[in-house]
Ligand SMILES: Cc1ncc(COP(=O)(O)O)c(C=O)c1O
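In this note's numbering, the protein residues as written are 378 to 763.
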């Protein structure tokens, strides 16, 4: 007897499109038989982790045969000192991604709704849909979350609103006055998840302090990560900040040992390295300014971003542009899967030399020129891992 899995699987799972990640460097190199490919596709930190994190990882080998501390005690303790909040207001996730799913697990089921801007980080919709709930997608306005429209999309069935600030893939933010007005009119029973994966990069003076609403007693979860400015994406560590009651609930649906001991010690050590943090932010803003100059000289407009990536309209088919760039060992992200017009691509920051190589590649592709032969700068030349 042959059984069709399609008949067995939960109905709503059948409609979920899997997350489509940026292509790993090693795979592109193997596919094309090239070396020194560069990745600008996943909003990572090109400088690599803090030397303090690397030292802590090296010194952690005696922990590897044991299960990790399931409560991430020392990391939560350190975060509680940094934020002046209780340790029980923090939960550590296998990336902030896991925490998005856990919050959805807690509050969403069939018949419930969650509101999110569109386009935004695809995992919001995937996690909502996974629970059999309805994702209410509210179009962005001028590439920014339209909090007014999102407030109007809230219904009696709405349990969660996701505010991605800065938003991925646009890099734009919503401001303090906008959030204040949104929170004023939002029913108090609706949970607001502020995803602040790119928080540390933001320079804008009106960037809101989401923790303020937590302190006012609102149902708020703030998500941050060690994957971006702390350059630990491969180790999968993110954290959530909320009320003790909310965190206790999240811990009920969290699997034990969700964060490796290596991730925990690396994240802890990273928090001590303020100079790596400011260097990462500086390299990022210099890179942003470089791209803005170069791309505007090429007649291309970029969306003003507060994060470590930006959107650009290449005025040609984005997928073709990405393929052509990949032939040159340059990985950027086409925005079709995010639901943006096909000519948009998203570019994450590299080091200055990497950025220069990408601009050269873009000039070739947009000018219809063939890839230049010869060796570009090696990623190993300047990814500064001691
Ligand atoms: C807005 C946003 N939230 C969350 C994440 C997930 O990050 P993490 O590596 O912490 O799971 C990303 C990753 O790209 C992101 O862009």
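Even for Gly, the Cβ is constructed at its ideal location relative to N, Cα and C.
- Annotation: residue 735 is outside any beta strand (DSSP E); the continuous alpha helix (DSSP H) that includes it extends over 729-743.
- Three or more Cβ pairs closer than 8 Å define a contact, and the segment 602-614 meets that threshold against the segment 418-428.
- As the crow flies, the alpha-carbon of residue 600 is around 9 Å from that of residue 619.
- Collapsing the DSSP output to three states places residue 489 in coil.
- Here residue 597 is near residue 570, since their CB atoms are less than 9 Å apart.
- Per the coordinates, the alpha-carbon of residue 390 lies some 43 Å from the alpha-carbon of residue 663.
- The criterion of a C-beta distance shorter than 9 Å is not satisfied by residue 413 and residue 403.
- A Cβ-Cβ separation of about 12 Å leaves residue 588 out of contact with residue 556 under the 8 Å criterion.
- Following the DSSP letters along the chain, one finds residue 562 inside the alpha helix (DSSP H) bounded by residues 553-562.
- Between residue 683 and the set 626, 580 and 649, the nearest pair of CA atoms involves 580.
- Counting other Cβ atoms within 10 Å of its Cβ, residue 630 stays below 16 and is therefore classed as exposed.
- If you ignore the 5 residues before and after residue 628, its C-beta comes within less than 8 Å of the C-beta of 468, all in its own chain and listed in chain order.
- For residue 590, the enclosing alpha helix (DSSP H) covers residues 588-592.
- If you draw a straight line from the Cα of residue 480 to the Cα of residue 582, it is about 29 Å long.
- Under the 10 Å beta carbon count, residue 533 is surrounded by fewer than 16 other beta carbons and is classified as exposed.
- Within the DSSP bridge table, the entry for residue 600 names 572 and 617 as partners.
- If you check the C-beta of residue 468 against ligand 1, you find no heavy atom less than 8 Å away.
- The DSSP-derived three-state label of residue 697 is helix.
- Under DSSP, residue 494 shares a beta bridge with 515.
- Residue 502: member of the alpha helix (DSSP H) spanning 499-507, first to last residue.
- In the DSSP assignment, residue 411 falls outside any alpha helix (DSSP H) and carries neither an H nor an E.
- The closest heavy atom of ligand 1 lies 8 Å or more from the beta carbon of residue 537.
- Counting along the chain, residue 642 sits inside the alpha helix (DSSP H) bounded by residues 638-647.
- Contact annotation, residue 496 with residue 636: C-beta distance approximately 29 Å; criterion of less than 8 Å not satisfied.
- Exclusion of the five residues before and after residue 578 leaves 606, 658, 661, 683, 684 and 685 as the residues of its chain whose Cβ lies within less than 7 Å of its Cβ.
- Look at the beta carbons and you see the segment 688-702 touching the segment 712-723: at least three pairs across the two are nearer than 8 Å.
- DSSP, reduced to helix, strand and coil, places residue 608 outside both helices and strands of the structure shown, so it counts as coil.
- Given a length threshold of 3 residues, each whole run of the beta strand (DSSP E) inside the segment 406-470 is given here in chain order: 467-470.
- Counting only heavy atoms of ligand 1, the residues whose C-beta sits closer than 6 Å to one of them are, along the chain, 420, 472, 473, 474, 498, 541, 545, 572, 574, 602, 604, 610 and 615.
- Per the coordinates, the alpha-carbon of residue 490 lies some 13 Å from the alpha-carbon of residue 515.
- Residue 536 sits in a strand when the DSSP states are folded into three classes.
- Per the coordinates, the alpha-carbon of residue 537 lies some 18 Å from the alpha-carbon of residue 593.
- Across the structure, residue 499 and residue 574 are spaced so that their CA atoms are roughly 14 Å apart.
- Pairing residue 711 with residue 696 gives a Cβ-Cβ distance under 9 Å.
- Annotated three-state conformation of residue 523 is coil, per DSSP.
- In this chain, the alpha helix (DSSP H) harbouring residue 480 covers 473-484.
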